[in-house]
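Asker: Protein chains in written order, with our numbering: chain B, 11 to 125; chain X, 1153 to 1259.
Pasting a structure here, questions to come.
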C-alpha cells in the first residue's frame, strides 16, 4: 500500500464557490480523520469517521463544511460558499483500531487558496 | 480550554543532541505523539508514548514524559542536517497538536 493519498494537491477557487476534496486512506484502516493546518500552526482537528460513521465533529466545522465516507473507504470533504478564511492546507489521516496507539498516518494534504 | 504548547524554534549544531519540549493540559490523554513535518510533505509519525510510561527509547529518539507536570520532551541524539524539520507534539484525547517547533541543524 502506498499510504494515504489526497486529491487534488492544490486548489485555487474564487470566494463563494464550492470545493470538494478527496482522501483515500490506507486500505483496511477503519478510521479516517480530517484536519486543517494554517501557516505556522499545528493541524486542527475537524472530524473523524470510524468506518462510514462520522463520530466526532469539531466546533471549527461550520455548517458550510460537510464530510462523507459513504462506503467506509475513501472520504470527501466539501466546503460550500468558500471564504478567504478557508484558505489552508487540508490534511487527511487514517488509522486502524488494531494498532496499539491508533497511530495516524497522514496524507500530503490539499492546499486550498480562496481568492 | 485544553491546550498543547511548544517553543517555536530550536537551533543546534550537527552531532549535538536536540531536545524539543511540549506541555499539555489534558491529563486524560492516553497517548502522546511526536510527528515530523518536512517542507512540502505530510506529517510523519516519529514515536508515541503511553501515558503510564516515563520514558521510551527508539534508536536516536528518546521520549520523556512527566505526567505530574504534564511535560513531554523529545531528545534526538547525534542530530543530523536531515533532522531539520518542524516537530509537533499531539495528545490523543482530542487529537490536539502544538504549533510545532522548527528545528534547524547547522553543519
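The beta carbon of each residue, even a glycine, is placed where N, CA and C say it ideally should be.
1. Where does the unbroken beta strand (DSSP E) through residue 120 of chain B begin, and where does it stop?
2. Taking residue 1164 of chain X as part of the beta strand (DSSP E), name the residues at either end of that continuous run.
3. Going by DSSP, what residues sit across from residue 1188 of chain X in a beta bridge?
4. Report yes or no: is there a C-beta of chain X within less than 8 Å of the C-beta of residue 43 of chain B?
5. Can you tell which of X/1168, X/1175, X/1256 has its C-alpha closest to the C-alpha of residue 1241 of chain X?
6. Can you pull the chain X residues whose beta carbon is under 9 Å from the beta carbon of residue 51 of chain B, in chain order?
7. Could you spell out where the beta strand (DSSP E) holding residue 1205 of chain X opens and where it closes?
8. Is the Cβ-Cβ distance between residue 29 of chain B and residue 92 of chain B less than 8 Å?
9. From the DSSP secondary-structure annotation, give me the bridge partner or partners of residue 1218 of chain X.
10. List, in chain order, every chain B residue whose beta-carbon is nearer than 7 Å to that of residue 1162 of chain X.
11. From what residue to what residue does the beta strand (DSSP E) around residue 1156 of chain X run?
12. Counting beta carbon pairs with one atom in the region 1209 to 1219 of chain X and one in the region 1160 to 1167 of chain X, are three or more of them shorter than 8 Å?
13. Between residue 104 of chain B and residue 41 of chain B, how many whole angstroms is the CB-CB distance? I'm expecting something under 8 Å.
14. Checking contacts by CB at 8 Å: is residue 1246 of chain X closer than that to chain B?
15. Rounded to whole angstroms, what's the CA-CA distance from residue 1195 of chain X to residue 86 of chain B? Just pull it up for me.
16. Mind checking residue 98 of chain B: buried by the 16 CB within 10 Å criterion, or exposed?
17. Could you tell me whether the Cβ of residue 31 of chain B comes closer than 8 Å to any Cβ of chain X?
18. With DSSP as the reference, please indicate the residues paired to residue 103 of chain B in a beta bridge.
19. Within the 8 Å Cβ cut-off, does residue 93 of chain B reach chain X?
20. CB-CB under 6 Å to residue 1180 of chain X, same chain, minus the five flanking residues each way: which ones, in chain order?
21. Ordered along the chain, which non-local residues of its own chain (more than five positions away) have a Cβ less than 6 Å from that of residue 71 of chain B?
22. Thinking residue 124 of chain B and residue 94 of chain B are a contact (beta carbons under 8 Å), I'd like their distance in whole angstroms, please.
23. How many angstroms separate the CA atom of residue 107 of chain B from the CA atom of residue 31 of chain B?
Answerer: Concretely, from the data shown:
1. In the DSSP annotation of this structure, the continuous segment of the beta strand (DSSP E) that includes residue 120 of chain B starts and ends at 120 to 124.
2. Going by DSSP, residue 1164 of chain X is part of the beta strand (DSSP E) stretching over 1161 to 1165.
3. Note: residue 1188 of chain X sits in a beta bridge opposite X/1196, X/1239.
4. Chain X, which has a Cβ nearer than 8 Å to the Cβ of residue 43 of chain B, makes this yes.
5. Ranked by how close their Cα comes to the Cα of residue 1241 of chain X, the residues X/1168, X/1175, X/1256 have X/1175 in first place.
6. Close to residue 51 of chain B, with beta-carbon spacing below 9 Å, are these residues of chain X in chain order: 1249, 1251, 1252.
7. Note, residue 1205 of chain X: premise wrong, no beta strand (DSSP E); not H, not E.
8. Result yes, Cβ atoms of residue 29 of chain B and residue 92 of chain B sit closer than 8 Å.
9. Bridge partners of residue 1218 of chain X: X/1223.
10. For a Cβ distance threshold of 7 Å, nothing in chain B lies close to residue 1162 of chain X: the least Cβ distance comes to about 15 Å.
11. DSSP places residue 1156 of chain X in the uninterrupted beta strand (DSSP E) bounded by 1156 to 1158.
12. Result no; under three Cβ-Cβ pairs closer than 8 Å.
13. Distance from residue 104 of chain B to residue 41 of chain B at the Cβ level is roughly 6 Å; contact confirmed, criterion being Cβ atoms closer than 8 Å.
14. The beta-carbon of residue 1246 of chain X is placed less than 8 Å from the nearest beta-carbon of chain B.
15. Between the alpha carbons of residue 1195 of chain X and residue 86 of chain B lies a gap of roughly 20 Å.
16. So residue 98 of chain B counts as buried.
17. Judged by the 8 Å Cβ criterion, residue 31 of chain B is not in contact with chain X.
18. Answer is B/43, B/116.
19. So, not an interface residue.
20. Cβ neighbours of residue 1180 of chain X beyond the five flanking positions: 1245.
21. Spatial neighbours of residue 71 of chain B in its own chain (CB-CB distance under 6 Å, excluding positions within 5 residues in sequence) are listed in chain order as 56, 57.
22. The C-beta distance from residue 124 of chain B to residue 94 of chain B rounds to 5 Å, short enough to fall under 8 Å.
23. If you draw a straight line from the Cα of residue 107 of chain B to the Cα of residue 31 of chain B, it comes to about 25 Å.
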